[in-house]
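Counted the way this note's numbering counts, the sequence shown spans residues 3 to 156. Ideal Cβ positions, reconstructed from N, Cα and C, are used throughout, including at glycine. Just so you know, these numbers come straight off a predicted model, no measurement behind them.
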Amino acid sequence: MSVGSAASRAIEALWGRLAKVSEFSFTASNGPGSATDWRGHARGSVLAERDDGHLLFREQALFTSSEGRKLDMQNTYRWTRLPGSLRLEHLRRSEPVLLFELEPVTGQGFREVQPHQCGPDTYTAELLLRRNQLELIWQIHGPRKNERLHYHYW
3 MSVGSAASRA
13 IEALWGRLAK
23 VSEFSFTASN
33 GPGSATDWRG
43 HARGSVLAER
53 DDGHLLFREQ
63 ALFTSSEGRK
73 LDMQNTYRWT
83 RLPGSLRLEH
93 LRRSEPVLLF
103 ELEPVTGQGF
113 REVQPHQCGP
123 DTYTAELLLR
133 RNQLELIWQI
143 HGPRKNERLH
153 YHYW
């Protein structure tokens, strides 16, 4: 999808939906060859707030591992509207770490402009606008990783 009016409409639709998010669920799973134990689920709240042209997501939840361990989970993400895409960053100690720039590939679907490299690991993502929710699916592949992070926002 080009930066034309269809892409602009898709970005505007996503931006409007992001601003209304207040809850999320999260599932982590791993596939063949993964040497991590990152499996489990969470459900929690999102405080979405505008900040100087950005949209901050402050997420809080209780993560339950596949073995039943419970851990507090807190993340802050920053969304930024760009010409033709949206940028997603993870704020660690308030410092932004670029995760993805997502561009529309259909009226209801976004995909990373280019994969994110973190050491030997490659991160990819797609975001889907569903009727009552947003779905953000990350894939992480590397020498020791084969992970899938599946978020639902509403």
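Taking the beta strand (DSSP E) that Glu-51 belongs to, which residues open and close that run?
Per DSSP, Glu-51 belongs to the beta strand (DSSP E) from 42-53.
Let's test the definition: count the other Cβ atoms within 10 Å of the Cβ of Phe-69 and tell me whether it reaches 16, buried, or not, exposed.
Before going further, note that residue 69 is Glu rather than Phe in the sequence given. Exposed.
With H, G and I counted as helix, E and B as strand and the rest as coil, what does DSSP make of Trp-140?
Strand.
Look at the alpha carbon of Leu-101 and the alpha carbon of Leu-90, and state the distance between them as a whole number of angstroms.
Straight-line Cα distance between these residues: approximately 6 Å.
Note down, in chain order, each residue of its chain lying with its Cβ closer than 7 Å to the Cβ of Lys-147, except the 5 sequence neighbours on either side.
Result list for Lys-147: Ser-36, Thr-38 and Asp-123, in chain order.
Between Arg-1 and the rest of its own chain, which residues show a CB-CB distance below 6 Å, the 5 nearest in sequence each way excluded?
In this structure the chain extends from 3 to 156, so residue 1 is not present and cannot be described.
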